[in-house]
Amino acid sequence: MGRTLQNTMVNLALENACDEAMYQIGLDMEELEDMEEDAGLGNGGLGRLAACFLDSMASLGMAAYGYGIRYEFGIFNQKIASGWQVEEADDWLRYGNPWEKARPEYMRPVHFYGKTEHHPDGVKWVDTQVVLALPYDTPVPGYRNNYVNTMRLWSAKAPCEFNLKDFNIGGYIQAVLDRNLAENISRVLYPNDNFFEGKELRLKQEYFVVSATLQDIIRRFKVSKFGSREIARTDFSKLPDKVAIQLNDTHPSMAIPELMRVLVDIEKLSWDNAWDICVRTCAYTNHTVLPEALERWPVDLFAHLLPRHLEIIYEINRRHLEKVAAKFPGDHDRLRRMSLIEEGGQKRINMAHLCIVGSHAVNGVAQIHSDILKATVFKDFYEMEPHKFQNKTNGITPRRWLVMCNPGLAEVIAERIGEDFIRDLSQLKVLRKYVNDEAFIRDVAKVKQQLFSNCQPLKVFVPVPSISKEPNKHWTPRTVMIGGKAAPGYHTAKMIIRLITAIGDVVNNDPVIGDRLKVIFLENYRVTLAEKVIPAADLSEQISTAGTEASGTGNMKFMLNGALTIGTMDGANVEMAEEAGEDNLFIFGMRVDDVEALDKKGYHAAEYYNHLPELKQAIDQIAGGFFSPKQPDLFKEIVNMLMHHDRFKVFADYEDYIKCQEKVNDLYKNPREWTKKVIYNIAGCGKFSSDRTIAQYAREIWGVENSYLTVMKWIKELCGLCKFNGDLFFY
């Protein structure tokens, strides 16, 4: 979520008033803003996307909750010591959190372990361990529309009677200490992004948030009216009409068997009725095609931790495979591929398959990603139920990622087209008529120049001696900024960070290179740092191998803030090129079809290494200790990986990448033409608002009316009849 203060002031139109109030009492607003800790309660893009979605749902006037865990320690703070990443705990709650309010009246019990008992009147889950889920609410204000939604985060608490039996045998102290075991559930965020780690505590976290959330949803569904706690609704057939549950990747996939458990075991619905309700209520967003990221939980762990849910998943799978067999008789291999249970070796539950079977809609997060899901990863499921599959291209909130972090650019845009674009980003397309407007070109360039002194992130992969060999050649100056955190157990990622810092040590101290090239590693990259770096960027590098990045959202943030993109045709880059015009991006490298063809032919890094002298020189420098003279073998593991085990085929795109960087250099020497392309890019950003994304989810998956836009439409119609100014009449 990042910081809340400035974003709230922007959305409530209170920035000027608060600045003045602080000034009157002799305080500085920027100093106050810098005191706030980032709320880093997720990993990278997935968590930040959810934050943008919360802003958009509130700004569109949709009644929505964002549910998650109130981690005591969020994503770790990164320090760089002697070039190496060192992790420190993110004690973000050390001084309290003024934005949250505890809601103990809505505390809910969550059960673990135990066993199941089958009786004539149903199944009972007994002898469980109970952990209490205490909700903390944070307000999520919409943009100047008087709507405020809620982000509800659950904190784990031990019940008063936790291990009470120990008291009777004199184990009072140990019993109290053991309360920590229960409360560890919400202690710390697992810092793995796009990598599955099958730990019991992680599964506990996933079930904890799901169980507490579903109890909260059902409690709210049952009550008759606002403020009342009397149960009025008992007919669950209306649940899908009142509630939509969007599963943000497979991490909350336990919502499907948990909802079935509640409806069948507790509310006593028939299996068929409960399943119909479950499927119509749940929808699933897939965020990655990388196999190492897909959640596949061991059956043995489920049997121990969540025995009733394992039984339910087995029953879901049995009925699912019956349908598959009926539609594709005799296709036994298809049954194996589509099963929720992976056989062979250790039995595992494929959570993505569970999500697809238990949802009425499945979507990817960029058109190319959604197409890949249908063509390869989930091909069998698409052939079974093609109507389920959709695309919802990601987006970003223009409030935080333009108005708040780049007010100068937002003002320049508003001077030409007014301020309505902040609510309707598609209006940016009007800027195309200013592409040749000299005053606008000058104003856009001036905003970027004002940010230039702080940072100018560019990335480049060229042998360092290139400049040293030709010191008198006119080299386009570059400052290279790279940021990111490596999961503590991810050795290769940590070595890559060490390589970056080592290159920086050499390049930044080379007197021949001088100021023509600087390499900087951004320590502790996070939302607040991104808000400073992104507005200043001239070039955005989006260089994933085609078919491996689902969407990306950093690419959209750079584009909206006036950076040009050098990138592959992957993720949302494809749609960015469509919207801005491919000539206005620096596109290079293989397409998805090329990657598939290379897979069939066989990728051999040595062929590129031997064919490209510049590439060979760069790799030899890394392998030979040029960047680590005191430890010549330090980076040999990285070189070995690139030469022999690189499934991303980095070398295959290298030659085209360098040629494309030359085009970047040439254009950068012509500031007017560069800025014209910047304007085309900003004008093409309308599609990439999370408001558009959420409006599509609402219309095509959730069946929810866009309240704010509907009200505004009525108001404009009334204003037309009454001849009032729309904004004046509304406020």
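Residue numbers (full-length UniProt numbering): 1 to 731. For each residue, glycine too, the CB sits at the ideal point set by N, CA and C.
Option nearest residue i by Cα separation, candidates the options
{"i": "residue 181", "options": "130, 686 and 214", "result": "130"}
{"i": "residue 380", "options": "397, 353 and 392", "result": "353"}
{"i": "residue 289", "options": "137, 374 and 436", "result": "374"}
{"i": "residue 486", "options": "229, 194 and 217", "result": "194"}
{"i": "residue 546", "options": "446, 368 and 620", "result": "368"}
{"i": "residue 104", "options": "92, 134 and 646", "result": "134"}
{"i": "residue 52", "options": "141, 102 and 90", "result": "141"}
{"i": "residue 702", "options": "428, 122, 113 and 279", "result": "279"}
{"i": "residue 470", "options": "191, 513 and 595", "result": "513"}
{"i": "residue 434", "options": "681, 199, 516 and 405", "result": "681"}
{"i": "residue 640", "options": "524, 496, 443 and 472", "result": "496"}
{"i": "residue 551", "options": "475, 6, 285 and 515", "result": "285"}
{"i": "residue 45", "options": "287, 696, 320 and 698", "result": "287"}
{"i": "residue 391", "options": "305, 364 and 522", "result": "364"}
{"i": "residue 385", "options": "320, 418, 210 and 99", "result": "320"}
{"i": "residue 672", "options": "114, 440 and 275", "result": "440"}
{"i": "residue 128", "options": "7, 190, 305 and 661", "result": "305"}
{"i": "residue 484", "options": "64, 12 and 79", "result": "79"}
Whole-angstrom C-beta distance between residue j and residue i, which should lie under 8 Å
{"i": "residue 684", "j": "residue 576", "result": "7 Å"}
{"i": "residue 624", "j": "residue 632", "result": "7 Å"}
{"i": "residue 563", "j": "residue 538", "result": "6 Å"}
{"i": "residue 395", "j": "residue 690", "result": "4 Å"}
{"i": "residue 2", "j": "residue 38", "result": "5 Å"}
{"i": "residue 40", "j": "residue 74", "result": "4 Å"}
{"i": "residue 679", "j": "residue 403", "result": "Going by Cβ atoms, the distance from residue 679 to residue 403 rounds to 18 Å, so no, they are not a contact pair."}
{"i": "residue 362", "j": "residue 327", "result": "Incorrect: roughly 18 Å between the Cβ atoms, too far for contact."}
{"i": "residue 36", "j": "residue 5", "result": "5 Å"}
Cross-strand partners of residue i (DSSP beta bridge)
{"i": "residue 152", "result": "67 and 137"}
{"i": "residue 381", "result": "None, per the DSSP bridge assignment."}
{"i": "residue 117", "result": "124"}
{"i": "residue 481", "result": "520"}
{"i": "residue 285", "result": "248 and 363"}
{"i": "residue 661", "result": "None, per the DSSP bridge assignment."}
{"i": "residue 391", "result": "364"}
{"i": "residue 674", "result": "Paired residues: none, contrary to the question."}
{"i": "residue 86", "result": "79"}
{"i": "residue 350", "result": "296"}
{"i": "residue 2", "result": "39"}
{"i": "residue 542", "result": "567"}
{"i": "residue 191", "result": "The partner list for residue 191 (beta bridge, DSSP) is empty, contrary to what the question assumes."}
{"i": "residue 102", "result": "136"}
{"i": "residue 108", "result": "133"}
{"i": "residue 342", "result": "348"}
{"i": "residue 587", "result": "567"}
{"i": "residue 327", "result": "Note: residue 327 sits in no beta bridge, so no partner."}
Beta-carbon spacing of residue i, residue j below 8 Å
{"i": "residue 239", "j": "residue 221", "result": "yes"}
{"i": "residue 267", "j": "residue 236", "result": "yes"}
{"i": "residue 567", "j": "residue 543", "result": "yes"}
{"i": "residue 609", "j": "residue 616", "result": "yes"}
{"i": "residue 157", "j": "residue 132", "result": "yes"}
{"i": "residue 663", "j": "residue 603", "result": "no"}
{"i": "residue 619", "j": "residue 57", "result": "no"}
{"i": "residue 251", "j": "residue 206", "result": "yes"}
{"i": "residue 313", "j": "residue 349", "result": "yes"}
{"i": "residue 295", "j": "residue 351", "result": "yes"}
{"i": "residue 110", "j": "residue 308", "result": "no"}
{"i": "residue 155", "j": "residue 172", "result": "no"}
{"i": "residue 217", "j": "residue 243", "result": "yes"}
{"i": "residue 555", "j": "residue 540", "result": "yes"}
{"i": "residue 401", "j": "residue 560", "result": "yes"}
{"i": "residue 341", "j": "residue 299", "result": "yes"}
{"i": "residue 263", "j": "residue 245", "result": "no"}
Open item on the list: Pairs of beta-carbons, one from the stretch 558–577 and one from the stretch 410–419, closer than 8 Å: are there three or more?
Closed with: no
Task: the stretch 21–38 in contact with the stretch 664–681 per 3-pair CB rule at 8 Å - done: no
Task: Cβ pair count under 8 Å reaching 3, the stretch 502–516 against the stretch 654–664 - done: no
Open item on the list: Quick check: the stretch 355–370 against the stretch 250–261, are at least 3 beta-carbon pairs closer than 8 Å?
Closed with: With contact defined as three or more Cβ pairs closer than 8 Å, the stretch 250–261 and the stretch 355–370 are in contact.
Open item on the list: Quick test of the definition: if touching needs 3 or more C-beta pairs under 8 Å, does the stretch 43–52 touch the stretch 79–92?
Closed with: Not touching, per the Cβ criterion.
Open item on the list: Taking contact to mean 3 or more Cβ pairs, one atom from each stretch, closer than 8 Å, check whether the stretch 629–644 and the stretch 496–505 are in contact.
Closed with: The answer is yes - the stretch 496–505 touches the stretch 629–644, with three or more Cβ pairs under 8 Å.
Open item on the list: For the stretch 63–73 against the stretch 172–186, do three or more pairs of beta-carbon atoms, one drawn from each stretch, fall closer than 8 Å, so that the two count as touching?
Closed with: yes
Open item on the list: When you compare the stretch 112–120 with the stretch 136–152, are there three or more beta-carbon pairs, one atom per stretch, that lie closer than 8 Å?
Closed with: no
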